[in-house]
Amino acid sequence: MVCQMELTSHLLTAAAFGTMKNSENELAEQLIEQTGDNTLTLMDKGYYSLGLLNAWSLAGEHRHWMIPLRKGAQYEELRKLGKGDHLVKLKTSPQARKSGRD
Numbered sequence: 004m005v006c007q008m009e010l011t012s013h014l015l016t017a018a019a020f021g022t023m024k025n026s027e028n029e030l031a032e033q034l035i036e037q038t039g040d041n042t043l044t045l046m047d048k049g050y051y052s053l054g055l056l057n058a059w060s061l062a063g064e065h066r067h068w069m070i071p072l073r074k075g076a077q078y079e080e081l082r083k084l085g086k087g088d089h090l091v092k093l094k095t096s097p098q099a100r101k102s103g104r105d
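Read the sequence shown against our numbering and you will find it ends at 105, with the numbers running on by one and no gaps.
In structure tokens, the structure reads:
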């Protein structure tokens with residue numbers, strides 16, 4: 004099971020269920036269409052899949068996500084936001100964006 008929650012109220016806005024054979028990333032993909040435009044989705048580091056994150060961004064307008072950066076990730080720092088926080092652009096291959104491999 005994967006749930007999506009509105010941050011200020013803690014109300015669940017969407018959920019996806021599966022069997023033990025389904026990965027959390029597969030279930031998270033089901034939430035893409037249920038996520039509105041002009042949103043910021045906070046994700047646990049376990050959802051670090053370039054395919055998932057790319058699909059999330061491309062599924063609507065101004066759909067952003069925030070996730071802890073994986074150790075060893077290749078990125079370009081675009082802007083410092085605050086202490087320990089940066090806006091970055093991940094460097095990925097077309098294959099990783101399509102398949103979700105890191």
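Think of the CB as a built atom: it goes at the ideal place given N, C-alpha and C, for glycine as much as any other residue.
(request) Using alpha carbons as the reference points, say which of Ser96, Leu43, Gly85 lies closest to Ala76. (result) Ser96
(message) Quick check: Ile70 and Tyr50, are their CB atoms within less than 9 Å of each other?
(response) yes
(request) Take Glu64 and list the residues in its own chain whose beta-carbon comes closer than 8 Å to its own, dropping the five residues that flank it on each side. (result) Asp40, Asn41
(request) Specify, as a first and last residue, the run of the alpha helix (DSSP H) that Leu56 falls within. (result) 53-61
(request) Taking Glu32 as part of the alpha helix (DSSP H), name the residues at either end of that continuous run. (result) 27-32
(request) Determine, using beta carbons only, whether Leu84 and His67 come nearer to each other than 9 Å. (result) no
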